[in-house]
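A short worksheet on the structure shown next.
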Amino acid sequence: MNSRDDKVTTLDRAINLLVPDGCHLSIGGFTINRNPMAAVYEVIRQRKKELHLYAHSNGQGVDELIGGGCVKRLEIAYAGSGRFAPTCIRFRKAVENGTLEVEDYSNFQMTLRFMAGAMGVPFLPTRSGLGTDIIKKWGFSEDLRTADEKLPDRKLAIIDNPFGNWSETPKLVLVPAINPDVTIIHVQQADKRGNARIQGLTFADVEQAKAARHLIITCEELVEEEFMRQEPDRNQISFLNVDAVIHIPWGAYPTACYRHYDYDPDHLNRYRAAAADEFRYRTYLEEKVFNLKDHREFIAQTNSEQLKKLIADPETGYAKALKRSGE
Amino acid sequence: MNSRDDKVTTLDRAINLLVPDGCHLSIGGFTINRNPMAAVYEVIRQRKKELHLYAHSNGQGVDELIGGGCVKRLEIAYAGSGRFAPTCIRFRKAVENGTLEVEDYSNFQMTLRFMAGAMGVPFLPTRSGLGTDIIKKWGFSEDLRTADEKLPDRKLAIIDNPFGNWSETPKLVLVPAINPDVTIIHVQQADKRGNARIQGLTFADVEQAKAARHLIITCEELVEEEFMRQEPDRNQISFLNVDAVIHIPWGAYPTACYRHYDYDPDHLNRYRAAAADEFRYRTYLEEKVFNLKDHREFIAQTNSEQLKKLIADPETGYAKALKRSGE
Amino acid sequence: MPEKDRYKYSNREMMAIAAAREVKNGDIVFCGTGISMLAAMAAKNINAPLSTIFFETGAIDAKLEELPLAVADSRVMYKTAVNGGLAEAFATMQNRFTGSRVVGILGAAQIDIYGNLNSTAIGDYRQPDVRFSGSGGACDVASFVNRTIIFMQHEKRKFVKKLDYFTSPGWIDGPAGRKKAGLPPGGPAAVITNLGVMRFDRNSKRMYLAATYPGITSAEIQAETGFDLDSERAEEFTPPTAHELRILRERCDPQGLILKTPS
Amino acid sequence: MPEKDRYKYSNREMMAIAAAREVKNGDIVFCGTGISMLAAMAAKNINAPLSTIFFETGAIDAKLEELPLAVADSRVMYKTAVNGGLAEAFATMQNRFTGSRVVGILGAAQIDIYGNLNSTAIGDYRQPDVRFSGSGGACDVASFVNRTIIFMQHEKRKFVKKLDYFTSPGWIDGPAGRKKAGLPPGGPAAVITNLGVMRFDRNSKRMYLAATYPGITSAEIQAETGFDLDSERAEEFTPPTAHELRILRERCDPQGLILKTPS
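The following block contains the structure:
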């Protein structure tokens with residue numbers, strides 16, 4: 117948060133400055149769309165450790181951060197990449213091996229938790245989950261919760277409706293607010309002050325952005341402020357919330373960025389194959405992350421014919437008739 | 117709510133069908149902008165009685181409904197029309213004469229109450245109002261609240277934060293959900309199924325719309341569904357929520373409709389003068405509402421030179437250099 | 002000559018059509034990726050043209066000119082009625098007026114006799130033998146909406162007496178279960194597997210066998226079910242018609258992305 | 002020759018400038034209609050160019066090429082950073098990170114010694130002698146934000162020992178008042194009237210007279226105040242400069258909509 121007039125910086129500097137080891141991080145996007153992948157790779161490249169990660173239904177970004185060894189604890193609703201990995205593979209391995217602590221919520225619960233953080237209230241209510249193990253079973257121990265002042269003392273709380281049966285609702289689940297130290301989202305357009313526009317579905321990016329103490333925005337297009345102000349109805353995030361703006365074309369690759377490019381089925385399939393095997397995964401990390409200077413180099417290395425196939429059709433916003441089946 | 121493919125109807129029929137005497141009604145807009153005035157006049161013209169009205173900061177529409185004798189009870193945050201009437205005049209008279217029961221909330225509280233209704237929860241939390249008479253003094257008696265099953269038993273509730281001091285918030289005000297029988301909003305564009313687009317600030321119209329059992333939309337422009345679907349990022353309300361769509365150019369007049377026309381300062385000033393005097397107000401009602409067949413006739417009667425001056429400049433969305441001072 | 006001999010269909014096609022037939026005209030259909038999306042598309046194209054396909058990501062009534070491979074696929078954003086976000090989508094389901102019109106199509110790793118679901122973990126929750134994706138929107142949908150349809154692979158380890166982790170509420174523990182828990186009415190209506198269709202008894206809310214696919218016996222289904230399945234009311238399922246299959250294959254999944262991929 | 006003799010200014014101009022001077026560069030300025038909007042515009046054009054004008058209707062950093070006559074005036078929608086709604090606007094003020102950067106400019110019908118405000122009713126609440134508009138966003142702003150500036154007409158019936166109705170929280174009943182009530186820290190910083198500027202004692206949180214306008218005495222101000230006003234620290238207020246007045250008149254309200262209209 118600041119009032120500087122020009123927040124444009126490099127990803128290297130922004131991650132270095134705003135994502136210290138152990139920090140509470142939230143990333144935007146949903147499964148295989150608009151994940152802030154350039155930032156995810158930079159976090160891995162800088163070998164950040166012990167992160168406390170928040171997401172709702174983030175697939176690729178979450179899985180790579182876990183695979184990269186950056187994540188100690190995770191609060192999430194859904195760790196999957198659609199048809200490319202119904203359960204994220206490095207996530208699954210880490211949980212089964214006991215190297216990752218997970219707290220499970222539902223998708224709406226996670227959304228409400230970010231919304232509560234954005235709204236400045238300690239919780240929001242819902243009926244979701246009553247009677248289930250999401251209420252009863254806690255991933256983080258009570259000791260951990262008590263010891264860590266960045267965590268609420270309870271996973272959630274159940275209360276009777278103080279308004280009797282108003283709205284035909286006798287009881288509710290209260291889910292605690294999340295205020296990440298930093299949120300990273302990838303958007304289609306931003307200006308140098310940080311005004312941002314997401315095209316297509318916004319997922320919970322806006323709530324995640326506003327809940328955070330610090331906000332890093334990566335953007336496909338860095339545009340003039342005047343351009344953003346011509347149609348302010350289409351902007352979701354104002355400069356008031358933003359700390360850093362980084363211009364990174366293909367910044368969500370290999371996930372999709374609506375109206376710019378599609379997800380890369382070949383890369384996602386290759387990722388799945390690599391993720392399933394320890395040795396291949398090490399090789400993948402070395403070749404695709406650690407040995408590369410930055411996202412620009414990653415994109416430059418990627419088969420340009422394939423990239424061309426991913427470019428969004430201007431009418432539909434995705435790559436029409438893209439070959440998407442099989443390995 | 118329905119799944120009919122064509123919901124276009126007349127205002128006469130929609131009000132007749134969906135706004136019975138005594139119903140709980142909510143209207144959109146804010147002070148002197150995008151009030152659903154055509155619908156307001158039709159409600160008055162049909163001599164609806166005993167309405168329970170909800171608004172947050174609605175000026176002109178609320179004042180005319182009260183002046184028209186339609187409203188028995190009102191829940192509101194702010195009854196004013198900006199510089200044209202810092203306190204709405206018929207509202208003020210009705211409260212001072214004891215002919216209108218009022219329950220006061222803050223603007224955010226009313227917004228949260230509509231949002232709770234839209235979200236399907238019985239309340240939402242805020243810190244607003246702690247320590248004030250908004251908490252302590254209730255406009256509606258406990259007896260009334262207990263007797264009327266359409267009202268929650270309490271104006272609001274205070275609870276201790278079940279998460280301790282999480283978010284540095286020891287206690288909260290819970291405000292109860294509103295689910296109006298019917299909400300009426302005026303939008304810039306809608307299609308015949310009810311998909312709707314508001315341009316400029318949305319106020320709390322979207323929450324009011326989604327909280328309601330029935331939704332009436334009046335629109336400046338009735339457009340093709342295909343047009344609405346070309347840019348779905350700009351639509352806020354889908355056909356799922358909509359019962360009736362009525363095409364009424366100048367439907368917000370004499371309040372403003374961003375990008376279409378400005379408020380009419382002359383009319384609003386004349387209204388203020390009429391509202392202050394019982395005899396003149398009777399005359400105003402007869403001439404401008406009861407003796408006219410519909411809004412079209414009202415607009416046709418209005419000085420066309422003046423209307424022309426109100427037409428929005430395409431660049432700014434309002435009437436530039438409109439003469440707005442004095443009586 | 003029996004109709005079914007005139008063409009071949011796969012189990013997955015049978016399941017998609019079985020689910021599609023559960024959708025009523027005017028329903029708002031919540032679906033996920035894969036076969037549930039295909040069933041929703043089939044319903045809209047065959048028997049419920051006024052149904053609305055609805056994704057938890059916030060897309061309302063997407064055009065779906067190509068099959069999305071995730072609910073966040075850009076293909077769900079094209080020419081929708083409204084592109085919103087998760088908050089609005091789940092609110093629509095929790096909303097008392099719109100929520101009651103939603104039918105949710107869900108899948109899971111385990112199901113019990115009351116239609117409660119596990120999509121989180123097998124074994125101990127904190128250090129599981131197998132970890133799955135987690136609830137996603139499933140728990141929300143199962144909590145809020147009027148009716149759910151559940152897809153399952155019919156295996157004994159999946160139809161269990163007791164869930165390893167209870168992710169999404171069905172009828173909980175019987176007719177009073179949801180009310181006791183504080184949930185709205187509504188709950189699972191049908192379980193569609195590769196062997197047949199199960200429903201829930203009006204009074205006990207226990208699952209029973211409602212239909213077996215052609216060539217499958219009640220005993221075979223019981224053998225793959227970890228609890229006693231009442232089969233008194235079982236009928237033979239009417240297989241997909243040529244018309245249904247043609248629309249499913251040609252209009253819903255011409256690339257065979259779901260129908261021809263191993264699940 | 003004293004500066005003030007070189008030009009004339011109205012009370013309202015003095016008040017607008019006094020409030021504008023309270024705004025710091027970088028502040029997010031919440032304002033209403035009328036003089037508070039004018040003060041926010043003056044601040045941005047004179048002493049706090051990096052401040053952001055913010056309306057409860059959801060408009061962030063509006064361009065304001067013409068003076069709006071209501072916070073919902075279409076003039077606040079032009080070339081903003083974001084056009085949102087009420088929900089987002091108030092959330093920005095309740096939000097712990099952005100809220101602490103907001104300064105709110107408010108007005109009221111009554112004020113007490115702790116800066117608590119009444120903008121609802123005079124007399125009995127249920128059947129008042131005079132009814133006003135009600136809170137609007139005032140109670141929200143006064144509850145949430147770090148600092149408020151209050152405009153008042155200085156009259157004895159408005160500066161009262163006890164409010165007829167307590168609409169918006171100031172310091173409640175002293176230094177522990179807000180904390181006891183459950184409110185965040187922050188509270189009223191200054192009260193700007195047609196006679197002078199009041200502030201609040203750091204320890205007692207009681208209002209004291211900080212500055213008198215040229216030609217006005219402490220005694221005159223006390224005579225118009227319904228409670229004891231400590232005037233020990235009162236200085237003479239530095240009147241508007243020619244530069245301030247020129248910008249206020251020529252850039253902020255060239256049509257004289259606020260400066261020349263009876264309030």
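Chains as they are written, first to last, in the working numbering: chain C, 117 to 443; chain U, 117 to 443; chain H, 2 to 264; chain B, 2 to 264. The beta-carbon is built from N, C-alpha and C at its ideal position, and this holds for glycine as well.
Check, Outcome
"On the CB-based measure, 16 or more other CB atoms within 10 Å of its CB, does alanine 20(H) come out buried or exposed?", "buried"
"Tell me whether leucine 51(H) is buried or exposed, calling it buried when 16 or more other Cβ atoms sit within 10 Å of its Cβ.", "exposed"
"Between aspartate 349(U) and chain H, is the shortest Cβ-Cβ distance under 7 Å, so that the two count as touching?", "yes"
"I need the boundaries of the beta strand (DSSP E) containing leucine 190(C), first residue and last residue.", "187-192"
"Taking the straight line between their C-alpha atoms, what separation do you get for histidine 244(B) and aspartate 254(B)?", "15 Å"
"Nearest chain H C-beta to glycine 226(U) closer than 7 Å, yes or no?", "Before going further, note that residue 226(U) is methionine rather than glycine in the sequence given. No, methionine 226(U) does not count as interfacial toward chain H."
"Start and end of the beta strand (DSSP E) containing tyrosine 387(U)?", "Careful: tyrosine 387(U) lies outside any beta strand (DSSP E), inside the alpha helix (DSSP H) at 381-391."
"Heavy atom of the ligand COA less than 6 Å from the Cβ of arginine 329(C), yes or no?", "For the ligand COA, the structure offers nothing, since it holds no ligand at all."
"Taking one C-beta from the stretch 87-100 of chain B and one from the stretch 149-164 of chain B each time, how about it: are there three or more such pairs within less than 8 Å?", "no"
"Kindly indicate if chain H contains any beta-carbon less than 7 Å away from that of asparagine 295(C).", "no"
"Scan the stretch 243-327 of chain U and note each continuous alpha helix (DSSP H) run of 4 residues or more that stays entirely inside, going in chain order.", "249-252, 258-263 and 321-327"
"When DSSP labels each residue in this structure, what does isoleucine 364(C) get in the three-state scheme?", "coil"
"Determine the burial state of glycine 255(C): buried for a count of at least 16 other Cβ atoms within 10 Å of its Cβ, exposed for fewer.", "buried"
"Kindly indicate which three-state DSSP category serine 37(B) falls into: helix, strand or coil?", "helix"
"Candidates Tyr387(C), Pro202(C), Ile333(C) and Pro241(C): which alpha carbon is nearest alanine 88(H)'s?", "Pro241(C)"
"If contact is defined by three or more beta carbon pairs under 8 Å, each pair taking one atom from either stretch, is the stretch 135-145 of chain C in contact with the stretch 160-167 of chain C?", "yes"
"Of all Cβ atoms in chain U, is any one closer than 7 Å to the Cβ of aspartate 269(C)?", "yes"
"Leaving out the 5 sequence neighbours to the left and right, which residues in its chain are closer than 8 Å to threonine 125(U) when beta-carbon positions are compared?", "Ala360, Val361 and Ile362"
"Counting beta carbon pairs with one atom in the stretch 172-192 of chain U and one in the stretch 149-160 of chain U, are three or more of them shorter than 8 Å?", "yes"
"Measuring only the C-alpha atoms, how far is isoleucine 36(B) from alanine 235(B)?", "24 Å"
"On the CB-based measure, 16 or more other CB atoms within 10 Å of its CB, does threonine 81(H) come out buried or exposed?", "buried"
"Please list, in chain order, the residues of the stretch 207-224 of chain U that have any C-beta partner in chain C closer than 7 Å.", "none"
"Is it buried or exposed, isoleucine 250(C), if we count other Cβ atoms within 10 angstroms and call 16 or more buried?", "buried"
"Got a sec: is the Cβ-Cβ distance from aspartate 249(C) to anything in chain H below 7 Å?", "yes"
"Once DSSP output is grouped into helix, strand and coil, what is the label at isoleucine 193(B)?", "strand"
"List the residues of chain H whose Cβ lies closer than 9 Å to the Cβ of serine 322(C), in chain order.", "Note on residue identity: the sequence assigns valine, not serine, to residue 322(C). Neighbours of valine 322(C) on chain H, chain order: Gly86 and Ala88."
"Can you find a C-beta in chain C that's less than 7 Å from the C-beta of lysine 206(B)?", "no"
"Mind listing the chain B neighbours of proline 286(U)? Cutoff is C-beta to C-beta under 9 Å, in chain order.", "Lys180 and Gly183"
"By how many angstroms is the C-alpha of threonine 432(U) removed from the C-alpha of glutamine 256(B)?", "18 Å"
"Anything in chain H within Cβ reach of serine 197(U), meaning under 9 Å, just list it in chain order.", "Within chain H, no residue comes near serine 197(U); the closest Cβ sits about 31 Å away, beyond 9 Å."
"Label glutamate 191(U) either buried or exposed according to how many other C-beta atoms from any shown protein chain fall within 10 Å of its C-beta, with 16 as the threshold for buried.", "buried"
"Checking contacts by CB at 7 Å: is lysine 425(U) closer than that to chain B?", "no"
"Report the residue from Ala193(C), Ala416(C) and Leu290(C) whose alpha carbon sits nearest the alpha carbon of phenylalanine 239(U).", "Leu290(C)"
"How many angstroms separate the CA atom of isoleucine 248(H) from the CA atom of isoleucine 47(H)?", "7 Å"
"At least one CB of chain C closer than 7 Å to the CB of glycine 135(H): is that the case?", "yes"
"Helix, strand or coil for aspartate 148(H)? Go by DSSP, reduced to three states.", "Before going on, a small fix: residue 148(H) reads as arginine here, not aspartate. Residue state, collapsed to three classes: strand."
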